[in-house]
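With UniProt numbering, the residue at position 76 of the sequence shown is 76, and numbering never jumps.
Note that CB positions come from ideal geometry on N, CA and C, so glycine has one too.
None of the values given here were measured: they were computed from a predicted structure.
Worksheet: one structure, shown below.
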Amino acid sequence: MRTFGTNLLSTVLLAVLLVKAAPHPAYSRDPTRQAKAISRALNVESYHPKASYKTYGEGKEVNAFVLGDLETSTVSFVASELGLDSSTISYSSGRTTDNGMSYAYAKQYHDGVPLANAVANVAFKNGKAVAFGSSFVDTSNIAPSQPSIDLDSSVINKVEDAFAATYSGVNSLEYLVQSDGSIALTHVVQVRNATTNEGYEAFVDAHSGDILALTDFLAEATYTVLPITKQNVLEGEETLVDPEDLDSSPLGWVQNDETAGNNVVAYKGIPTNTTVESSADTFDYPYDIAVGPTEGGNIDAARTNAFYIINKVHDFTYKYGWNESAYNFQLDNFGNGGAEGDRVQMSVQDPSGTNNANFQTLPDGQNGTCRMFIFTLTIPDRDGDFQNDIIVHEFTHGLTNRMTGGGTARCLQITESRGLGEGWSDAMAEWTEQTSGTITDFVTGTWVVNNPAGVRHFPYSTDPIVNPLRYSTLAFLSEVHNIGEVWANMLHNVYAALVGAHGWSATAMEDPSGPEGNIVYLHLFIDALALQPCNPTFVDARDAWIQADVNRYNGANACILWKAFASRGLGLNAANYVDDETVPDGC
1 MRTFGTNLLS TVLLAVLLVK AAPHPAYSRD PTRQAKAISR ALNVESYHPK
51 ASYKTYGEGK EVNAFVLGDL ETSTVSFVAS ELGLDSSTIS YSSGRTTDNG
101 MSYAYAKQYH DGVPLANAVA NVAFKNGKAV AFGSSFVDTS NIAPSQPSID
151 LDSSVINKVE DAFAATYSGV NSLEYLVQSD GSIALTHVVQ VRNATTNEGY
201 EAFVDAHSGD ILALTDFLAE ATYTVLPITK QNVLEGEETL VDPEDLDSSP
251 LGWVQNDETA GNNVVAYKGI PTNTTVESSA DTFDYPYDIA VGPTEGGNID
301 AARTNAFYII NKVHDFTYKY GWNESAYNFQ LDNFGNGGAE GDRVQMSVQD
351 PSGTNNANFQ TLPDGQNGTC RMFIFTLTIP DRDGDFQNDI IVHEFTHGLT
401 NRMTGGGTAR CLQITESRGL GEGWSDAMAE WTEQTSGTIT DFVTGTWVVN
451 NPAGVRHFPY STDPIVNPLR YSTLAFLSEV HNIGEVWANM LHNVYAALVG
501 AHGWSATAME DPSGPEGNIV YLHLFIDALA LQPCNPTFVD ARDAWIQADV
551 NRYNGANACI LWKAFASRGL GLNAANYVDD ETVPDGC
């Protein structure tokens with residue numbers, strides 16, 4: 001029997017939004033471009049071809065579907081839909097689930113070289129296509145496939161210097177579609193900064209040597225808060241006995257009697273600096289709010305709590321489909337598919353920042369890294385490792401970045417998609433905090449910033465007076481956390497509608513088989529991630545939820561979902577950030 005003394009704060013998460021975004025002219029944001037200033041000398045604008053996305057309801061017949069051969073079926077379907085030769089399409093990855101669903105991912109190829117930002121995803125159910133996304137392009141204006149410049153130390157040094165980061169040893173040769181329609185041949189070089197937790201893929205033109213684009217693997221929030229008064233907000237600690245779920249974690253959580261195991265290692269400073277059991281099979285380290293986070297036993301308490309939360313989220317999301325073949329984080333995948341050797345590295349009380357947290361999601365097979373910071377807004381300081389929803393929010397970035405696009409961690413890069421990512425993270429944290437069938441307005445981040453009003457612009461609410469955010473609000477937003485508030489509030493409305501219709505289960509984390517609304521919600525949440533295209537829009541994400549319901553529940557919740565989305569302007573005809581409250585006939 002293993003016992004964890006852990007803090008169970010029922011306050012919330014990360015991603016503080018500071019001031020309302022300055023108004024922008026409607027539709028001024030180019031959804032295909034993402035600019036990032038790396039330094040004063042380097043500003044990189046990355047281009048992502050707009051994806052087309054279709055859902056097919058009950059399914060579209062696939063003439064070339066081959067039972068048991070997902071690769072052949074995928075390549076044949078993509079070729080047929082896009083009118084391409086199958087030799088220009090390469091299967092990337094895929095999986096088949098126990099409910100008859102298959103999810104597959106492909107890339108466009110030229111002369112044996114993949115196009116990094118020309119990708120496709122297909123979902124099949126019982127031999128029929130139910131969803132298809134593609135950003136494939138015309139390849140008539142493409143660079144020669146043999147590099148003029150080799151990937152040597154001069155190229156690597158250039159990237160390291162430009163990004164103030166160190167080469168990780170991971171590289172590839174890939175084409176890159178650019179905004180003018182031309183296609184460059186690039187050396188893709190992965191670099192990381194161990195101090196800041198930043199990680200990038202740099203796309204270096206293999207003919208000119210110029211840095212053309214990047215993939216940013218880091219998701220983080222920025223905190224600037226209203227003046228705060230001193231308050232003591234601690235809602236209690238519990239001692240949990242054997243919280244591991246052996247179906248999700250066959251080896252349990254703990255190896256060698258420390259906060260390290262198959263799913264996560266929680267440490268301070270370096271990964272070997274973990275917390276060991278206080279006694280046999282017990283981690284009992286109470287958090288002392290009277291002293292600072294680094295005093296007394298509080299460092300051990302932080303490592304224990306962070307270790308518990310990451311493992312708990314791993315276990316319940318595993319039951320809902322985020323398993324090895326769906327690109328989760330584990331040291332050992334037990335032969336269940338996916339790339340292993342990538343457990344989460346959880347750095348508590350990380351010294352690289354304050355009043356913040358971040359999560360770096362690398363491609364499947366490479367560790368995800370979460371860095372939790374100390375908050376210096378009170379006396380004594382407060383530790384983000386005891387704001388459980390911050391940890392849930394951050395780890396959810398790993399979920400959404402891995403499951404969108406098939407484990408590449410490249411498919412939430414444009415501003416709107418990154419905003420969706422922030423919204424999903426808030427929504428997952430809320431899911432863990434709603435504790436009954438009575439849905440309350442959700443206020444985030446009260447404890448670490450010592451402000452009972454929270455850190456968002458508005459509580460998440462079904463009441464449009466309490467929270468007025470709508471799809472049309474996006475026309476005036478350009479910052480990803482502000483965008484995320486719009487999506488998270490839509491999902492709050494979806495959650496409330498499903499629980500209102502189907503009730504609420506107190507055992508949803510342990511048993512995903514029930515009909516209750518919170519169970520239905522989390523199934524659709526995770527199923528939809530695998531259905532949506534690379535770099536989805538709000539409309540794409542909504543359509544993926546609707547299709548996920550058809551796939552799993554035969555569309556039983558279609559009207560509930562449509563009405564919830566439409567109540568916030570994301571109805572049937574919503575487009576270009578113009579509200580629409582239309583729902584399908586029959587709803």
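- Cβ-Cβ separation between ASN493 and ARG542: approximately 12 angstroms, too far for a contact (criterion under 8 angstroms).
- Cβ-Cβ distances below 7 angstroms link GLN547 to THR55, VAL130, ALA131, LEU531 in the same chain, with the five nearest sequence neighbours on each side left out; the list follows chain order.
- Between ASP383 and ASP150, the alpha-carbon positions lie close to 47 angstroms from each other.
- Under the three-state reduction of DSSP output, LYS50 falls in the coil class, being neither helix nor strand.
- Counting along the chain, ASN450 sits inside no alpha helix (DSSP H), nor does DSSP assign it H or E at all.
- Looking at the backbone, the Cα of ASP245 and that of VAL119 are separated by about 36 angstroms.
- Taking a contact to require three or more Cβ pairs closer than 8 angstroms, the segment 255 to 274 and the segment 338 to 356 qualify as touching.
- DSSP places LYS128 in the uninterrupted beta strand (DSSP E) bounded by 128 to 134.
- Note that the C-beta distance between PHE316 and MET509 is below 7 angstroms.
- By the criterion of a C-beta distance shorter than 8 angstroms, TYR109 is surrounded in its chain by SER87, THR88, ILE89, SER90, LEU115, once the five residues flanking it on both sides are discounted.
- Comparing alpha-carbon positions, the option among ASN576, GLY454, HIS481, TRP431 lying closest to HIS523 turns out to be TRP431.
- Assignment of GLY398 by DSSP, reduced to helix, strand and coil, places it in the helix class.
- Under the three-state reduction of DSSP, MET372 is assigned to strand.
- Between GLN387 and TRP424 the beta-carbon gap is near 18 angstroms, outside 8 angstroms, which marks them as no contact.
- Out of THR215, GLY296, VAL480, the CA that lies nearest to the CA of THR408 is found in THR215.
- Contact between the segment 463 to 481 and the segment 393 to 404 is absent, with fewer than three C-beta pairs closer than 8 angstroms.
- Within its own chain, the residues whose Cβ lies closer than 6 angstroms to the Cβ of ARG470, once the five positions on either side in sequence are excluded, are ARG568, GLY569, ASP579, listed in chain order.
- In this structure, ASP389 places its C-beta atom within 7 angstroms of the C-beta atom of ALA429.
- In the three-state scheme derived from DSSP, where H, G and I count as helix and E and B as strand, PHE334 is classed as coil.
- With distances taken between CA atoms, SER140 lies nearest to ALA184 out of LEU42, ALA184, ALA566, THR97.
- Counted as a single uninterrupted DSSP element, the alpha helix (DSSP H) harbouring TYR521 occupies residues 517 to 531.
- For a cut-off of 8 angstroms, the C-beta gap from PRO380 to VAL276 is around 25 angstroms, too long to register as a contact.
- A straight line joining the alpha-carbon of LYS125 with that of GLU516 spans about 24 angstroms.
- Fewer than three beta-carbon pairs drawn from the segment 497 to 505 and the segment 366 to 381 are found closer than 8 angstroms, and the two stretches are therefore not classed as touching.
- Just measuring C-alpha positions, the residue of THR282, GLY94, ASN273 sitting nearest PRO243 is THR282.
- Spatial neighbours of GLY100 in its own chain (CB-CB distance under 7 angstroms, excluding positions within 5 residues in sequence) are listed in chain order as LYS125, ASN126.
- Within the DSSP secondary-structure output, TYR109 pairs in a beta bridge with PRO114.
- Relative to GLY94, the option among HIS207, VAL204, HIS481, ASN323 whose CA is nearest is ASN323.
- Among the bridge pairs identified by DSSP, GLY94 is matched with ALA104.
- Following the DSSP letters along the chain, one finds ASP284 inside the beta strand (DSSP E) bounded by residues 282 to 284.
- Per the C-alpha coordinates, the member of ASN328, LYS563, ALA194 positioned closest to ILE526 is ASN328.
- PRO452 and SER352 have their C-alpha atoms some 27 angstroms from each other.
- Setting aside the 5 residues that flank it on each side, PRO147 is surrounded in the same chain by LEU173, LEU185, HIS187, ALA206, HIS207, each with a C-beta closer than 8 angstroms to its C-beta; the list follows chain order.
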